[in-house]
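So the structure is just underneath, and the comments pick up after that.
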Ligand code: AMP
Ligand code: MG
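Residue numbers (my numbering): -1 to 421.
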């Protein structure tokens, strides 16, 4: 359901409205606030893997292009087959895959045929070679066969003129195979989305350097890199930016010039030397949202010129959760992907008790296991602090606990979202 608050576009006034947003409201606002890229490019079909189709694909040919055999066997006319007993056929030759038997089939003939071999004119049925007795140039065939069996009709996979794919499709391995089966060597895809990111914080040290007192390594640029790689976007890593007004402003200007989307982590907390928010207010427009979720609030969403901005919290797990919950679907939409979300929600029985206080939507880290086909258990991946990246790396799913839910006992059902293939 859409209501006024959900339709609302981001604006500076949001900042005054400090009330908590629900996860669904924040998701809807962000999705409403982004638009897909509009430039397309033509790429060879293999390079289209993982890209988003920018055109509808209409089949230029029938696939298969000719009626052919699904089995190794003998092509016959169904009404030559015996209703009972056995009949002997003469075998004039063979139809190989790619080397058809040239002549129409004559009454009483059975043309040997290989899988994929073109059906001789007049033949409508294939009898498997295991079901016949071959001797020199004859073959004996019994009763019980069905007219049309073991035959693949021209165009039964795709017919000429049929719409195969619509624009907005994220192309899979099977999809590029289908494009190849149509004989298409290249295809139009939306240009890759450009996403810039940087970390903020005086305490951050790049990897490979020893830590000084009070310093930590910058891990967020690595998790962000990994999650963006999975989306197939073009990544612009702007490094670590110190908590200084001029440096942050410069980083934002640079990012806005080169990217469609900018992601930062850290520096948006209340009470922190808060140059990210100030800079955003100066250069563009922003909304500062407290979201009733754990971990991961607050989140900033805004715009600098044509680029959209996602300001994520600094804590390593919060970065990943807010990316998964808010940024990912927005970037998919911006990349031109249409259609439903690719996130699956499953039900699982928790084997560990889960601590939860009512009020916020919690995304807890869990380890999902399939104990029988379609039957799942989940357990907590360990300590749930928003700085504890280790339990995030142990986990393969989020356990979704609705705001009004309280602690969960072992044995209860919970909703989970597997994320291993997604982030
Ligand atoms: P902030 O939102 O800047 O107040 O950061 C919240 C917490 O996340 C602090 O403990 C920061 O040290 C930590 N943090 C911020 N940025 C990063 C980063 N890039 N990598 C790892 N931890 C970070
Ligand atoms: Mg900070």
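Just so you know, even glycine gets a beta-carbon here, dropped at the ideal spot from N, CA and C.
Check	Outcome
For residue 132, the first and last residue of its enclosing alpha helix (DSSP H)	Here residue 132 belongs to no alpha helix (DSSP H); instead the beta strand (DSSP E) covers 130 to 133.
Beta-carbon separation (whole angstroms), residue 187 vs residue 38, contact threshold 8 Å	6 Å
Closer than 7 Å: residue 237 CB and nearest the ligand MG heavy atom	no
Backbone secondary structure at residue 288 - three-state DSSP	coil
Contact under 8 Å by Cβ, residue 198 with residue 258	no
Continuous beta strand (DSSP E) stretch holding residue 324: start and end	Careful: residue 324 lies outside any beta strand (DSSP E) and carries neither H nor E.
Residues sharing a beta bridge with residue 223, DSSP	Per DSSP, none; premise fails for residue 223.
Residue 354 (DSSP reduced to helix, strand or coil)	coil
Any non-hydrogen atom of the ligand AMP closer than 7 Å to residue 386 Cβ	no
Residues sharing a beta bridge with residue 188, DSSP	38
Which listed residue (84, 108 and 81) has its alpha carbon closest to that of residue 93	108
Spatial distance of residue 403 from residue 360 (CA atoms)	9 Å
Length-filtered (3 minimum) beta strand (DSSP E) runs lying within the stretch 43 to 123	71 to 74, 85 to 88 and 109 to 111
Beta-carbon gap between residue 158 and residue 285 smaller than 8 Å	no
Buried or exposed by the 16-neighbour rule on C-beta atoms within 10 Å, applied to residue 8	Low per-residue confidence applies at residue 8: pLDDT is 47, beneath 50, and the placement is therefore not dependable enough to give any value.
Same chain, Cβ closer than 8 Å to residue 72, neighbours up to 5 away in sequence not counted	87, 89, 108, 109, 110, 111, 124, 125, 127, 130, 137 and 139
Segment limits, beta strand (DSSP E) that includes residue 259	259 to 263
The stretch 234 to 251 touching the stretch 343 to 352, judged by at least three CB pairs closer than 8 Å	no
Pair within 8 Å by beta-carbon distance, residue 169 and residue 337	no
Local conformation of residue 388 per DSSP, three classes	helix
Buried/exposed call for residue 33, threshold 16 Cβ in 10 Å	exposed
Residue 323 vs residue 221 beta-carbon contact at 8 Å	no
Integer-rounded CB distance, given that residue 236 should sit under 8 Å from residue 194	6 Å
Member of 365, 339, 40 and 250 whose CA lies at the smallest distance from the CA of residue 309	250
Cutoff 8 Å; reference residue -1; Cβ partners in own chain excluding five residues on either side	The predicted model places residue -1 with a pLDDT of 35, which falls under 50 and marks its position as unreliable, so this point remains unresolved.
Opposing strand residues paired with residue 373 [DSSP bridges]	370
Cβ-based burial, residue 263 [other Cβ within 10 Å; buried from 16]	buried
Bridge partners - residue 273, DSSP secondary structure assignment	Residue 273 pairs with nothing; no bridge assigned.
C-beta atoms of residue 149 and residue 117 nearer than 8 Å	yes
Beta-carbon proximity check, residue 352 vs residue 406, cutoff 8 Å	yes
Alpha-carbon spacing of residue 374 relative to residue 180, whole angstroms	40 Å
Per-residue burial, residue 415 [other beta carbons within 10 Å of its own, 16 or more giving buried]	buried
Closer than 7 Å: residue 277 CB and nearest the ligand MG heavy atom	no
As assigned by DSSP and simplified to three states, the class of residue 421	coil
DSSP bridge partner residues for residue 411 (one or two, in chain order)	347
Member of 312, 27 and 335 whose CA lies at the smallest distance from the CA of residue 191	335
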